[in-house]
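Remarks on the structure that follows.
Numbering (this note's numbering), first residue to last: 99 to 583.
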């Protein structure tokens, strides 16, 4: 797909204004690490600056108004915005092609994939497509002049365009795309502003096309045992950088560390509860304890493979015992991969990693099954009761205060339902439900006036929880009926 640099030239500025307002949430906010001298935006550029997102998107102005072949221009941290006074209307405004001037261009080549938005041989990184379109594509962003890169020094994914550059930090959530500090890099005279470190341009980056996450796993001796790469690194549904191999799936977490996905769990491989140790090394197995004394028996051949390829830090714990998945063929799965044993093969090829990568690629990874999180045990409740009055007359109403606390740490519990039972003379009772406890763990009820109770009587009451999901807890109290003679 080839797009002309003149595409969308007739778009009105106000039409893109609404699209760019949302950039405030996904573009470069002013970073506290940034510092230096800033300037007011030139009055002639103010409206365009605001419509393009203002300081949240373009950064503050870091130079005075200057004249160049484009017209009257002013550097912001991330751009060089310009006004051509010889042109009327919205087309008088532009963003200068700093990316080209900074020699960020790469030689274009046939992309590895024909999918996605491809312009002049460069594939716009899928995560950058929305913001590229919000910049009216080439009108305000310019055409791409590089493939997407992984910049390990800056811990980010980045791509250069003629007029702006886009990046996302490894540690940022998916879709948090920001602008590189083109303006700072391009302003060599009259600027004394230092942008945030994360937005600065730097050299050491690797093309995503050339990246192999297996090389960053580091501790493996024989990386080929995990199979060949089935795809290029890509942004997964959880925002991490991911690459699928024949036998494992690697992803790079927010800290830049490469780890294995729990492939066996994701693909719902057979699971068996851990059991007691029945056999030992003399029986040809090694016992892997995973829960105190419970665990799984792992054949020595599998144990040898695991130890030669990073140990259980790479494989994860076993999730089942060895089973025969086809006549004469045996398999055992661990959290991150499975191992197969074929006794008919040559001795050095009898153990191999199960080819699960294609199965992973075939599934809808936006709805990956998550490990079941056990429901937390409901807290044991400590009920406390008290009375407003130590004694009441036959014409007064008593008020009972209830407090529900977590028995473990004495923190208040909200939403606890209780019932009060008041024990009256002649084995009569009066009961009532209380409102659920508030955020401070308290509930209050005012009892009815009791006119026919003998003076000097002591009344007892009991408050108990009624929530079906928790064990019942009760508390009792008493108060005196007393009317002065």
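Every residue gets a Cβ at the ideal spot worked out from N, C-alpha and C, and that includes glycine.
*Does DSSP put residue 280 in a helix, in a strand, or in coil?*
helix
*In whole angstroms, what separates the C-alpha of residue 371 from that of residue 418?*
7 angstroms
*Between residue 387 and the rest of its own chain, which residues show a CB-CB distance below 7 angstroms, the 5 nearest in sequence each way excluded?*
393
*Which partner residues of residue 387 appear in the DSSP bridge assignment?*
393
_Helix, strand or coil, according to DSSP, for residue 294 in the structure here?_
coil
*Span of the beta strand (DSSP E) holding residue 576?*
572-579
*Enumerate in chain order the residues of its own chain whose CB-to-CB distance from residue 487 is below 8 angstroms, with the five nearest sequence positions on each side excluded.*
494, 496, 497 and 577
*Identify every residue that forms a DSSP beta bridge with residue 562.*
517 and 572
*Is the stretch 451-463 touching the stretch 546-556, taking contact as three or more C-beta pairs under 8 angstroms?*
no
*What is the C-beta distance between residue 223 and residue 257, in whole angstroms, given that I count them as a contact (C-beta under 8 angstroms)?*
5 angstroms
*Might you give, ordered along the chain, the residues of its own chain that have their beta carbon closer than 8 angstroms to the beta carbon of residue 376, omitting 5 neighbours on each side?*
395
*Which residue's Cα is closest to the Cα of residue 245: 382, 216, 185 and 431?*
216
*Pick helix, strand or coil for residue 551, following the three-state DSSP scheme.*
coil
*Using 10 angstroms around the beta-carbon of residue 569, count the other beta-carbons present and answer buried if the total reaches 16, otherwise exposed.*
exposed
_Beta-carbon within less than 7 angstroms of residue 49's beta-carbon, same chain only, minus the 5 sequence neighbours each way: which residues are those?_
This structure leaves residue 49 out entirely; the chain is present only between 99 and 583.
*In angstroms with no decimal places, state the Cα-to-Cα distance between residue 511 and residue 505.*
10 angstroms
_Nearest residue (CA-CA) to residue 323, options 344, 574 and 457_ = 344
_Alpha-carbon spacing of residue 575 relative to residue 534, whole angstroms_ = 20 angstroms
_Does residue 407 pass the burial test, meaning 16 or more other C-beta atoms within 10 Å, or should it be called exposed?_
buried
_Tell me the DSSP secondary structure of residue 127 in three-state form._
With a pLDDT of 39 at residue 127, under the threshold of 50, the modelled position of this residue cannot be trusted, and the question is left open.
*Which of helix, strand or coil DSSP assigns to residue 455*: helix
*Drop a sphere of 10 angstroms on the beta-carbon of residue 581, count the other beta-carbons inside from all chains shown, and report buried for 16 or more, exposed for fewer.*
exposed
_Within a Cβ cutoff of 8 angstroms, which residues of the same chain sit near residue 136, ignoring the five residues on either side of it in sequence?_
158, 159, 160 and 291
*Is the distance from the Cβ of residue 279 to the Cβ of residue 176 below 9 angstroms?*
yes
*Residue of 415, 287, 192 and 293 minimising C-alpha distance to residue 260*: 192
*Between residue 571 and residue 528, what straight-line distance do the alpha-carbon atoms span, to the nearest angstrom?*
19 angstroms
_N- and C-terminal bounds of the alpha helix (DSSP H) containing residue 75_ = This structure gives no information on residue 75, because the portion of the chain shown stretches from 99 to 583.
*Near residue 203, what residues of its chain come up, given a Cβ to Cβ distance below 6 angstroms and the 5 sequence neighbours on each side ignored?*
243
*Around the Cβ of residue 434, are there at least 16 other Cβ atoms within 10 angstroms (buried) or fewer (exposed)?*
buried
*Which whole-angstrom value is the C-beta distance of residue 573 and residue 503, which I expect to be below 8 angstroms?*
Contact flag wrong, Cβ pair sits at about 11 angstroms.
*Residues of its chain near residue 326, where Cβ-Cβ distance is below 7 angstroms and the 5 sequence neighbours each way are ignored*: 343 and 344
*If we call anything under 9 angstroms between Cβ atoms a contact, is residue 359 one with residue 347?*
yes
_Using only CA atoms, which one of 331, 200 and 185 lies nearest to residue 247?_
331
*Hey, how far is the Cα of residue 285 from the Cα of residue 143?*
18 angstroms
*Can you round the beta-carbon distance between residue 206 and residue 219 to whole angstroms, since I take them to be within the 8 angstroms contact cut?*
3 angstroms
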